[in-house]
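No gaps in the numbering here: position 145 of the sequence shown is 139 in the numbering used here, and each next residue is one more. Think of the CB as a built atom: it goes at the ideal place given N, C-alpha and C, for glycine as much as any other residue. Notes for the one structure printed next.
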Amino acid sequence: MRSRLPRLLVALAAAALVVSACGGADSQDTSGAEPASAPVPETTEAPPASTTSGDIVEDTAGSDLLQTVQERGWLVCGVSGTRVIFSETRPDGSVVGVDADYCRVVAAAVFGDANAVEFVSLTTGERFAALQAGQIDVLIRSTTWTQSRDTAVGLDFGPVIYYDGQQLMAKADDGYSPSSQVADLAGAVVCALAGTTTEQNVSDAADAAGIDITLTTLEDFDAITENFIQGACDAVTADGSALAGRKAKQQPDDQEWVIFPATPISKEPLAPVYPQNQSRFADVVNWAVYATIIADEKGITQANVDAMAADPPDAEAARLLGASDDEQQSSMGLAPDAFYQAISQVGNYGEILTRHLEPAGLTRAGTINAGWLDGGLIYAPPAR
-5 MRSRLPRLLV ALAAAALVVS ACGGADSQDT SGAEPASAPV PETTEAPPAS
45 TTSGDIVEDT AGSDLLQTVQ ERGWLVCGVS GTRVIFSETR PDGSVVGVDA
95 DYCRVVAAAV FGDANAVEFV SLTTGERFAA LQAGQIDVLI RSTTWTQSRD
145 TAVGLDFGPV IYYDGQQLMA KADDGYSPSS QVADLAGAVV CALAGTTTEQ
195 NVSDAADAAG IDITLTTLED FDAITENFIQ GACDAVTADG SALAGRKAKQ
245 QPDDQEWVIF PATPISKEPL APVYPQNQSR FADVVNWAVY ATIIADEKGI
295 TQANVDAMAA DPPDAEAARL LGASDDEQQS SMGLAPDAFY QAISQVGNYG
345 EILTRHLEPA GLTRAGTINA GWLDGGLIYA PPAR
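This is the structure:
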């Protein structure tokens, strides 16, 4: 393989300009292990779902990424590996979470096999360079869709998988409650991740509330959490889902952590990211996500998808599940039953979120992550 080092250095430099302006939700965990340097297998057999790789898999500039992925035989998906709820690598090497499941959704749509995916654990500083350099095909890593990333960095974003927002977490014993406001932090030491707009957001919120806080920044959210437990931080700030995950996993028995304010202090729409100008691959990622949302709207689940495919409730469901003569999935370069495979093997949108939100004490009901029919923002274009 010819050297890709000059290109990788350029990509790293470009990414560094934007990482310093990273926003909340996708900047909450920087403790992920460096990707292993094991080479990508030279076989068309998909690797185990838990493998990681640091090698460049293909130079896709000017090529058809979808064709490249199909010829390889598996999807290479960038994740965090350390973020509770979204992608967490377990001791046995398996990767669980909303992001990991959406990697599987795409793999199931492309290959008919949700396990035809290789997970690459990436830190916030590595993720964009890895995508630009061709180390991964798609980044599904709790990444916030922003203007600068969509334009200056040269990446494209898919549909929003989860609407998040920056909040704060403090201890009930210190007088805080879920109804607390930013103004209640007057004089507090607030800890945040260094080099992200998380710190700027909380500073701006404190200024708007007319209070003074002491802002302490650290490079690693595990260190922030430990400082919070020991009392060196009066409060910590991150995206609400990240705080809920930490509370569920790390709150000591003798402490009660509360998350506030109820309305987040920032907007953090989390979406898949893929290389710019790869429209065929983008279509597949986008419609694989949309398929899970439409299935959720129609009550098509893992448990009943076979019955729904055999006797579709309407024409849209028939098209979605490959149960009609329509060739929409075939025209995308996929099998007619591509989205049937995604739903049957991984689940619909609601199943995926519920699977990972509920253990952290979160729910879709009554939030903007509810479906549009239930007052939320989750909505898909029609499959026709």
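For K165, list the residues DSSP reports as bridge partners. W251
Closest to Q339 by C-alpha separation, out of T76, C71 and A110, would be which residue? A110
Going by the beta-carbon positions, is the gap between A226 and V184 smaller than 8 Å? no
Does DSSP put V154 in a helix, in a strand, or in coil? coil
Using a threshold of 8 Å, state whether the C-beta atoms of F254 and L314 are closer than that. no
Could you give the distance in angstroms between the alpha-carbon of G365 and the alpha-carbon of Y343? 9 Å
Roughly how many angstroms lie between the CA atoms of A374 and G181, to the nearest whole one? 45 Å
Which of helix, strand or coil does DSSP assign to I259? coil
Please name the residue, chosen from L187, L69, V100 and G91, that lies closest to I337 on a Cα-to-Cα basis. V100
Give the straight-line distance between the Cα atoms of Q272 and Q129, rounded to the nearest whole angstrom. 16 Å
When the Cβ atoms of the stretch 236 to 245 are set against those of the stretch 351 to 368, are three or more pairs found closer than 8 Å? yes
Top-ranked residue by Cα proximity to A103, from G75, S260 and S324: S324
L187 beta carbon less than 8 Å from that of L212: yes
Could you tell me the distance, in whole angstroms, from the CA atom of G26 to the CA atom of D214? Reliability fails at G26, whose pLDDT of 32 lies under 50, so the model's placement of it is uncertain and the value that follows must be treated cautiously. Rounded to the nearest angstrom, the two C-alpha atoms are 9 Å apart.
Tell me whether I130 sits in a helix, a strand or coil according to DSSP, three-state version. coil
So, for T83: in the same chain, excluding its five sequence neighbours on each side, which residues have a beta-carbon less than 6 Å away from its beta-carbon? G75 and V89
Just to confirm before moving on: does the CB-CB distance between H350 and G91 stay below 8 Å? yes
Using the three-state DSSP reduction, which class does I218 fall into: helix, strand or coil? helix
Closest to S171 by C-alpha separation, out of W68, N221, Q141 and Q249, would be which residue? Q249
Contacting residues, own chain, Cβ-Cβ under 6 Å from Q175 (five flanking each side not counted): P255
Comparing alpha-carbon positions, which option in A317, E262 and S142 lies nearest P381? The structure shown has nothing for residue 381, since the chain only spans -5 to 378.
Note down the Cα distance separating W139 from E262, rounded to an integer number of angstroms. 7 Å
Count the CB pairs spanning the stretch 291 to 303 and the stretch 120 to 127 that are closer than 8 Å, and state whether there are at least three. no
DSSP three-state assignment for V70, whether helix, strand or coil: strand
Identify the residues that DSSP records as bridge partners of R77: which are they? S81
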